[in-house]
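So the sequence lines, in the order shown, correspond to chains A and B.
Just so you know, we're using the working numbering here: the first sequence kicks off at 1 and counts up by one.
Just so you know, we're using the working numbering here: the second sequence kicks off at 1 and counts up by one.
Notes follow once the structure below has been shown.
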Amino acid sequence: MSKLSQRHLLGIKDITREDIELIFETADNFKDVINRPIKKVPSLRDVTIANVFFENSTRTRLSFELAEKRLSADVVNFSASGSSVKKGETLLDTVNNILAMKVDMVVMRHASAGAPHFLSKHIRANIVNAGDGTHEHPTQALLDGFSIREKLGGVEGTKIAIIGDILHSRVALSNIFALKKMGAEVMVCGPPTLLPKFISTLGVKVELEVKKALEWCDVANVLRIQLERQQLKYFPSLREYTLYYGINKKMLDDLKKKIVLMHPGPINRGVELTSDAADSQHSIILDQVENGVAVRMAVLYLLAGAA
Amino acid sequence: MQKKLILDSKQLDITLSRLCQQLIENHSNFSNCVLLGLQPRGIFLAELIHQRLKSLKVNVPLGYLDATFHRDDFRRRDTPVKASENRVPFAIEGKNVVLIDDVLFTGRTVRAALDAMISFGRPAKVELLVLVDRKATRDLPIAADYVGKYVDTHDTQKVLVELKADGSTRNKIWLINRE
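Here it is, written out as structure tokens:
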């Protein structure tokens with residue numbers, strides 16, 4: 001069947017392995033499209049998509065917008081800063097007003113976990129979650145999985161370590177769901193204060209030493225320290241974090257094995273990754289960005305087509 | 001469900017030979033010519049034509065074209081059509097392209113294919129080769145340049161092409177009546 005099991009993409013938790021495989025196969029075709037002289041197909045020419053961003057973003061928003069435009073959709077952008085949200089309008093009112101202008105799909109980022117789920121119960125348009133608080137970021141997990149599949153030939157049986165601020169990371173949670181569904185082994189690694197208390201109930205290994213995590217894994221997905229979400233002090237200083245959890249090129253070279261280095265961006269160079277590691281031959285960070293457009297095209301195409 | 005044989009493997013063989021001869025007749029040389037099989041089912045016919053031309057000492061590059069993202073029925077059916085691989089290992093720009101598909105029915109696939117092809121470049125000339133041309137069922141003003149067999153059908157009928165690129169004796173074409 002060439003149809004997703006869901007009308008929305010709210011989180012990886014809600015979709016099946018078959019859904020993920022269908023998205024990957026469709027993304028293969030779109031990757032081919034975006035590498036042609038004419039990078040555009042007319043599939044979504046009668047679809048209007050609103051990108052509703054209540055939280056800052058560069059990569060995800062740009063990536064979605066490019067994906068939409070390469071599918072020939074009409075695109076409207078909305079960001080909370082400089083809008084009536086500042087005047088006290090509710091989320092539902094804001095989105096209903098946008099939908100009253102005949103919008104078919106909503107791509108939404110919001111600082112509150114569950115905001116897109118709430119919305120999906122009240123509106124008819126298809127919703128794609130572009131990140132909700134510290135909960136899920138499904139398209140990032142899909143593009144990470146797609147990049148691993150492309151680099152290693154498959155996800156099943158691979159060992160993936162997610163290193164850094166797991167507690168505040170929606171990328172980590174979505175990645176865990178996606179990679180587990182695809183049959184990978186997943187480990188999380190970070191300072192104990194940045195690991196959620198019950199993380200092992202998700203079926204992941206927990207490791208506190210970054211060296212051991214690197215020795216174990218085929219792929220290291222390194223996350224940023226999300227200072228903007230931290231009201232408390234979770235570690236004494238950034239310098240100390242870097243000392244214990246920062247990754248440099250020498251650590252990767254010394255492993256004497258092939259390792260793939262990933263990062264969802266934005267990188268804090270010199271904190272979780274040194275520049276020489278981020279720009280090394282191990283890194284597929286820029287491939288992730290390219291694949292992001294293809295994967296998002298696949299998600300939008302599959303959701304719109306099943307309307 | 002009634003099944004009627006339109007072409008058996010022997011007749012099919014003769015038809016393929018004729019199509020190749022017609023191609024040779026119309027192309028004084030093939031230096032600027034490419035074959036493009038339409039995904040998903042036209043590629044088997046394209047493969048057969050390609051092999052047969054090769055045995056006649058004519059070498060033409062072969063590619064596969066997928067028109068899924070250019071179809072005009074997206075969002076007008078329950079599920080999106082699954083895309084197939086594009087394999088266009090040459091530049092389309094300035095080429096004489098022979099599009100190859102198994103059955104010409106409404107003409108909508110060919111319309112989509114023309115669009116899909118043009119996103120790879122501007123060809124000098126485009127021709128269409130089909131194995132079965134279902135007469136009087138066209139939705140668009142599209143005609144084939146090379147036709148294996150004309151068949152009179154109506155909308156409720158289906159043409160089934162059983163074709164394998166290995167040229168086996170099981171290759172057959174059926175006309176099926178759907179209730």
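The C-beta atom is built at its ideal place from N, Cα and C for all residues, glycine as well.
> Name the chain A residues that come within less than 9 Å of B:T109, Cβ to Cβ?
Replying inline: Within chain A, no residue comes near B:T109; the closest Cβ sits about 15 Å away, beyond 9 Å.
> Among the residues of its own chain, which have a CB less than 6 Å from the CB of B:Q39, if the five just before and after it don't count?
Replying inline: Y64, D66, S84
>> Counting C-beta neighbours from all protein chains within 10 Å, is the total for A:Q288 16 or more, i.e. buried, or is it exposed?
In response: buried
> How big is the Cα-Cα spacing for A:D132 and B:S9?
Replying inline: 59 Å
> So, is the C-beta of A:S396 closer than 7 Å to a C-beta in chain B?
Replying inline: For residue 396 of chain A there is no data in the structure shown, the boundaries of chain A being 1 and 307.
> Quick one: what's got a C-beta closer than 6 Å to A:A306's C-beta in the same chain, skipping five residues either side?
Replying inline: K3
> Roughly how many angstroms separate the alpha carbons of B:N59 and A:F78, rounded to a whole number?
Replying inline: 55 Å
>> Measuring straight from C-alpha to C-alpha, what distance separates A:V293 and B:R134?
In response: 40 Å
>> What ranges does the alpha helix (DSSP H) occupy inside the stretch 154 to 219 of chain A, keeping only unbroken runs of at least 4 residues that lie completely in it?
In response: 170 to 181, 210 to 216
> Since B:A143 meets chain A, which of its residues come closer than 7 Å, beta carbon to beta carbon?
Replying inline: Under the 7 Å cutoff, chain A gives no residues; its nearest Cβ is about 24 Å from B:A143.
>> The beta strand (DSSP E) that contains A:T48, what's its start and end?
In response: 48 to 53
> Should B:V130 go down as buried or exposed, given a rule of 16 or more other Cβ atoms within 10 Å for buried?
Replying inline: buried
> By Cβ distance, which residues of its chain are closer than 6 Å to B:V98, with the 5 residues on each side in sequence left out?
Replying inline: L35, E127, L129
> If you measure from the beta carbon of B:K82 to each beta carbon in chain A, is any gap under 7 Å?
Replying inline: yes
>> Below 8 Å on C-beta distance, what does A:R36 contact in chain B?
In response: S119, F120
> Any chance the stretch 151 to 164 of chain A sits against the stretch 121 to 130 of chain A, with 3 or more Cβ pairs inside 8 Å?
Replying inline: no
> Using a C-beta to C-beta distance shorter than 8 Å, which residues of chain A count as neighbours of B:H70?
Replying inline: V41, P42, S43
> Under a Cβ-count criterion, where at least 16 other Cβ atoms within 10 Å of its own Cβ denotes burial, should B:R77 be classed as buried or exposed?
Replying inline: exposed
> Considering only the beta carbon of each residue, do B:L48 and B:D102 sit closer than 7 Å?
Replying inline: no
>> Among B:T156, B:R111, B:L7, whose alpha-carbon lies nearest the alpha-carbon of B:Y150?
In response: B:L7
> Terminal residues of the continuous beta strand (DSSP E) containing A:H110?
Replying inline: 105 to 110
> Which residue's Cα is closest to the Cα of A:A115: A:L152, A:Q230, A:L10, A:Y245?
Replying inline: A:L10
>> Based on DSSP bridge pairs, tell me the residues matched to B:L19.
In response: Looking at the DSSP assignment, B:L19 forms no beta bridge with any residue, so it has no partner.
> Going straight from the alpha carbon of B:L163 to that of A:V52, what length do you get?
Replying inline: 49 Å
> Would B:N177 pass as a contact of B:Q157 if the rule is Cβ separation under 7 Å?
Replying inline: yes
>> Going by DSSP, what residue range makes up the alpha helix (DSSP H) through B:G42?
In response: 42 to 55
> Below 8 Å, can you find three or more Cβ-Cβ pairs linking the stretch 263 to 272 of chain A to the stretch 10 to 21 of chain A?
Replying inline: no
>> By the three-class DSSP mapping on this structure, what secondary structure does A:I23 have?
In response: helix
> Does DSSP classify B:A116 as helix, strand or coil?
Replying inline: helix
> Applying a beta-carbon distance threshold of less than 7 Å, which residues of chain B neighbour A:A304?
Replying inline: R75
> Looking only at its own chain, which residues have a Cβ that is under 7 Å from the Cβ of A:H122, when we skip the five neighbours before and after it?
Replying inline: L92
> Who are the near neighbours of B:F105 in its chain, counting only those whose CB is closer than 6 Å to its CB and skipping five residues on each side?
Replying inline: R134, T137
> Is A:F118 helix, strand or coil by DSSP?
Replying inline: helix
>> Just to confirm the assignment, what range does the beta strand (DSSP E) spanning A:F78 have?
In response: 74 to 79
> Between the stretch 250 to 261 of chain A and the stretch 30 to 39 of chain A, do at least 3 Cβ pairs fall closer than 8 Å?
Replying inline: no
> Helix, strand or coil: which one does DSSP assign to A:G102?
Replying inline: A quick correction: the sequence has Lys, not Gly, at residue 102 of chain A. Three-state result, A:K102: coil.
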